[in-house]
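From first to last, the protein sequence lines are chains U and S. For the first sequence, the residue numbers in numbering that gives the first Met the number 0 are 0 to 353. For the second sequence, the residue numbers in numbering that gives the first Met the number 0 are 0 to 353. Just so it is clear, CB atoms sit at the ideal spot from N, CA and C, and this is done for glycine as well. Reviewing the structure listed below.
Number of protein chains: 2
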Amino acid sequence: MTARRRGKAPSQADVARLAGVSQSAVSRVISGNAATARIPEETRQRVFEAVRELGYVANPAARAMRKQRNNLLGVHTFERVFPHAHEDFYFAFLLGIEERAEETGFDLVLFTSTGSGGSAGQGGTRGERKIYKDGTNRLNLADGSILLGVSTDRGELARLWYEGYPFVHIGRREVPGAEIPQIIPDYRTASARIVERLSELGHRRLGYVREWMEMEPYEDRRTGYAEAVGRLGLTDTSPGFHGTHGIESAWLDEVARGAVTAVVVESVRLAESLREQLAARGRKIPDDVSVAVLEAAPADLSGQWDSLVIPRTEIGRIAVDRLQTMLDDPDQRTGSLFVPCPLIPGTTVTEVRE
Amino acid sequence: MTARRRGKAPSQADVARLAGVSQSAVSRVISGNAATARIPEETRQRVFEAVRELGYVANPAARAMRKQRNNLLGVHTFERVFPHAHEDFYFAFLLGIEERAEETGFDLVLFTSTGSGGSAGQGGTRGERKIYKDGTNRLNLADGSILLGVSTDRGELARLWYEGYPFVHIGRREVPGAEIPQIIPDYRTASARIVERLSELGHRRLGYVREWMEMEPYEDRRTGYAEAVGRLGLTDTSPGFHGTHGIESAWLDEVARGAVTAVVVESVRLAESLREQLAARGRKIPDDVSVAVLEAAPADLSGQWDSLVIPRTEIGRIAVDRLQTMLDDPDQRTGSLFVPCPLIPGTTVTEVRE
DNA sequence: CATCAGCGCTCATACGTATGAGCACCTCCT
DNA sequence: AGGAGGTGCTCATACGTATGAGCGCTGATG
Numbered sequence: 000m001t002a003r004r005r006g007k008a009p010s011q012a013d014v015a016r017l018a019g020v021s022q023s024a025v026s027r028v029i030s031g032n033a034a035t036a037r038i039p040e041e042t043r044q045r046v047f048e049a050v051r052e053l054g055y056v057a058n059p060a061a062r063a064m065r066k067q068r069n070n071l072l073g074v075h076t077f078e079r080v081f082p083h084a085h086e087d088f089y090f091a092f093l094l095g096i097e098e099r100a101e102e103t104g105f106d107l108v109l110f111t112s113t114g115s116g117g118s119a120g121q122g123g124t125r126g127e128r129k130i131y132k133d134g135t136n137r138l139n140l141a142d143g144s145i146l147l148g149v150s151t152d153r154g155e156l157a158r159l160w161y162e163g164y165p166f167v168h169i170g171r172r173e174v175p176g177a178e179i180p181q182i183i184p185d186y187r188t189a190s191a192r193i194v195e196r197l198s199e200l201g202h203r204r205l206g207y208v209r210e211w212m213e214m215e216p217y218e219d220r221r222t223g224y225a226e227a228v229g230r231l232g233l234t235d236t237s238p239g240f241h242g243t244h245g246i247e248s249a250w251l252d253e254v255a256r257g258a259v260t261a262v263v264v265e266s267v268r269l270a271e272s273l274r275e276q277l278a279a280r281g282r283k284i285p286d287d288v289s290v291a292v293l294e295a296a297p298a299d300l301s302g303q304w305d306s307l308v309i310p311r312t313e314i315g316r317i318a319v320d321r322l323q324t325m326l327d328d329p330d331q332r333t334g335s336l337f338v339p340c341p342l343i344p345g346t347t348v349t350e351v352r353e
Numbered sequence: 000m001t002a003r004r005r006g007k008a009p010s011q012a013d014v015a016r017l018a019g020v021s022q023s024a025v026s027r028v029i030s031g032n033a034a035t036a037r038i039p040e041e042t043r044q045r046v047f048e049a050v051r052e053l054g055y056v057a058n059p060a061a062r063a064m065r066k067q068r069n070n071l072l073g074v075h076t077f078e079r080v081f082p083h084a085h086e087d088f089y090f091a092f093l094l095g096i097e098e099r100a101e102e103t104g105f106d107l108v109l110f111t112s113t114g115s116g117g118s119a120g121q122g123g124t125r126g127e128r129k130i131y132k133d134g135t136n137r138l139n140l141a142d143g144s145i146l147l148g149v150s151t152d153r154g155e156l157a158r159l160w161y162e163g164y165p166f167v168h169i170g171r172r173e174v175p176g177a178e179i180p181q182i183i184p185d186y187r188t189a190s191a192r193i194v195e196r197l198s199e200l201g202h203r204r205l206g207y208v209r210e211w212m213e214m215e216p217y218e219d220r221r222t223g224y225a226e227a228v229g230r231l232g233l234t235d236t237s238p239g240f241h242g243t244h245g246i247e248s249a250w251l252d253e254v255a256r257g258a259v260t261a262v263v264v265e266s267v268r269l270a271e272s273l274r275e276q277l278a279a280r281g282r283k284i285p286d287d288v289s290v291a292v293l294e295a296a297p298a299d300l301s302g303q304w305d306s307l308v309i310p311r312t313e314i315g316r317i318a319v320d321r322l323q324t325m326l327d328d329p330d331q332r333t334g335s336l337f338v339p340c341p342l343i344p345g346t347t348v349t350e351v352r353e
């Protein structure tokens, strides 16, 4: 048995010829719902027979063109997926997306092609991936897409939105004039809850250490923190709270002197640094200062710092579901979802001791 | 600016109307090569103007139907991708595939849908993914596909091959009557080289411990090992060499007595077990017995055992390239590629000491 | 015996793009 | 002046599927 030549896959017309019916009859048998198509069992059998005989398989491109559905969900990341996956950055999101896509019978397109095109090029632009390459919008291939990535190009997002393409963005990203549906880890509430907990443990004078980035996710953390500090009547005079990023040594001296009993830090990286510099001043965490972190470490690194955790897998699943509702009902094009971030206990926060 | 209603994306016809030319002119301007299409600059500009005005983007489905290319590469795994990725099973392959796909301007489709279909089902068959669901072959959506997975369904492979669908299988997998292009880690040569090295180090009496699986990859290791043992006139009377899997304690006693100076083991798992059982008999690796392993541990676990390493990322890249040549020239439908597996030195093989 | 409903299909068309063939016009050469 | 050859397009069609409209037939009903 030698393989059939490629390029002449049998069509419904071929099947029809063999079964002695019309192409449309074949179409109805194969994919038409039995209700509208009044085709008796005997004919159906003949058609299926012919299908098997010829090894007919539907052409998805044609089908996609005719219906407006492809059963394809796109995933666009603005940077490479897998390298980051290795660092657990995208990985857990993809896990959830894949799970849910499988459960709902969708396939996944990973948009990996860069804007630079070129068939034999030696690698595209290393950093960024564009949605629009020359005139064409690759995402269109999928019924809808999930977008993720830190360096999101807001212009492209705006255009995509304006064109009415169904998509969901993981993470908050404001684009003026476009109400993009987003799946947003609720950093704000989580940050506030961390402050509440510190307050319950007796801490009244806090400090805040911020990252250098100014993206929405950090804004949310800062908003939640500030709001809770205000509401609970706590004190924060740290430079981080008022706009400076990183750790100032003058302020550290104050902390060492006991001016502050708890510090909230935006990242593990900074928290580690804080620990070192406090140690250099003879202060220990949590004995002298409690520290909480506003970033989920990958699962295996956790258990150390008290922190919030980003439920990435769940967010992936939610993104798929949100997208599906958009597809089912085009009126649902707008509206974001907040996903609560649980706090995980560590060993760096204790009751205040004075 | 409110978003355009979904469902009526502008077509080339719309652009043509606006630019005052025919649809075919638009097509030629946009995608026709300039050589055959004799369209002056002025007209081109008018068309591009209209394109921008309307926000036209090409419809990939229609394009795919007309040409026979999609610029889509499929990846089908017979089990879930990402969970395994986490265990570094598929991960490195995907890394290479994605890299190379990006470099050559292709997008990736991950075929995640199970055979069980169903739009709202509560998850398909947990284990296996089928290629053919009811009558349709999802893979057809992509120009060609890369298949991988341990529980490959040979029947589906045969059918796919027979239909002339372009695909590549990662790992050796024999299917009677179908010469499936495969990217094969050259376990055979690598195993032989390990034996050669042991021989160079003075080992003449070897032992072999086999896994319970009977798949091609293990066959290759066994063949390479046996061939080298024969060629170099070495001795192996171990049960593993003659068909038994696992570790027999009677044989272990012999090893402990010094009947064997080096053992080749099919997996780290078994090697660990071997170490324990030798330790129980007062024998140490490598002081009393040298041990080499025929399986690459994930990069971070390595450095311990002397073993061969599977160049997974490279294999992924090669698979993409192999597929591309098939697509460019349908006559290249057959022919597999062997990829050499380097040996990495560890601390478990030394010169023989007697 | 005329009417009518249902059955089992077929016909025709649309989806959006790409492309071979060809048409009308112009320029240049003999 | 008449033809050759080039330019700047248009026409028509094909790709494979899905679907609304409709046609001829049969059997039942009035």
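In this model, S/Ser289 and S/Trp250 are separated by some 16 Å (Cα to Cα). DSSP places U/Gly95 in the uninterrupted alpha helix (DSSP H) bounded by Phe90 to Glu102.
The alpha helix (DSSP H) runs of length 4 or more contained entirely in the segment 139-209 of chain U are, from start to end of the chain, 153-161 and 186-199. A Cβ of chain U is located within less than 7 Å of the beta carbon of S/Asn139.
With respect to U/Ala18, U/Arg37 sits apart: the two C-beta atoms are not nearer than 7 Å. By the C-beta density criterion, S/Asp327 is exposed, having fewer than 16 other C-beta atoms within 10 angstroms.
Cβ neighbours of S/Ser306 within its own chain (closer than 8 Å, five residues either side excluded): Val267, Ala291, Val292, Leu293, Glu294, Ala295, Ala296, Leu342, Ile343 and Gly345.
S/Val262 is bridged by DSSP to S/Gly206 and S/Val290. For U/Leu71, the closest of U/Arg65, U/Phe92, U/Asp106 and U/Ala189 by C-alpha to C-alpha distance is U/Asp106. Per the coordinates, the alpha-carbon of S/Ala157 lies some 28 Å from the alpha-carbon of U/Glu98. DSSP places S/Phe47 in the uninterrupted alpha helix (DSSP H) bounded by Glu40 to Leu53. In the three-state reduction of the DSSP assignment, S/Ile343 falls in the strand class, which pools E and B. Straight-line measurement puts the Cα of U/Ala270 at about 16 Å from the Cα of U/Met212. Inter-segment contact for the segment 196-203 of chain S and the segment 160-172 of chain S is absent: fewer than three beta-carbon pairs are separated by less than 8 Å. Among the residues of chain S, those whose CB is under 8 Å from the CB of U/Asn58 are Met64 and Asn139, following chain order.
Contact between U/Gly223 and U/Arg187 is confirmed by a C-beta separation of about 4 Å, below the 8 Å threshold. Using a Cβ-Cβ cut-off of 7 Å, U/Glu48 does not count as an interface residue toward chain S, since no Cβ of chain S sits closer than that to its own. Nearest to U/Phe337 by alpha-carbon distance, out of U/Ala227, U/Arg137, U/Glu226 and U/Gly170, is U/Gly170. Within the DSSP bridge table, the entry for U/His244 names U/Arg209 as partners.
By the criterion of at least three beta-carbon pairs nearer than 8 Å, the segment 55-65 of chain U is not in contact with the segment 276-290 of chain U. Under the three-state reduction of DSSP output, U/Asp235 falls in the strand class. The Cβ atoms of U/Val167 and U/Arg321 sit closer than 7 Å to each other.
With 16 or more other Cβ atoms from the protein chains shown falling within 10 Å of its own Cβ, U/Thr312 counts as buried. Its Cα nearest to that of U/Ile183, the residue U/Arg172 stands out among U/Ile193, U/Ala191 and U/Arg172. In terms of Cβ geometry, S/Arg282 and S/Ala318 do not form a close pair [threshold 7 Å]. DSSP places S/Asp320 in the uninterrupted alpha helix (DSSP H) bounded by Arg311 to Asp327. Non-local C-beta neighbours of U/Leu147 in its own chain, meaning closer than 8 Å and more than five positions away in sequence, comprise Val74, His75, Thr76, Phe77, Tyr89, Phe92, His168, Ile169 and Gly170, ordered along the chain.
For U/Ala295, no Cβ of chain S is located within less than 7 Å of the residue's own Cβ. Contact annotation for U/Asp106 against chain S: Val108, Leu109, Phe110, Thr111, Ser112 and Arg137 [CB-CB distance below 7 Å, chain order]. Assignment of beta-bridge partners to S/Leu336 by DSSP yields S/Ile182. Flagged as an interface residue toward chain S: U/Gly54, by a C-beta distance shorter than 7 Å. Look at S/Ser306 here: in three-state DSSP terms it is strand. Non-local C-beta neighbours of U/Ala24 in its own chain, meaning closer than 6 Å and more than five positions away in sequence, are absent. Here U/Lys129 is buried, its C-beta having at least 16 other C-beta atoms within 10 Å.
Boundaries cannot be given for S/Gly31, as no alpha helix (DSSP H) includes it and DSSP labels it neither H nor E.
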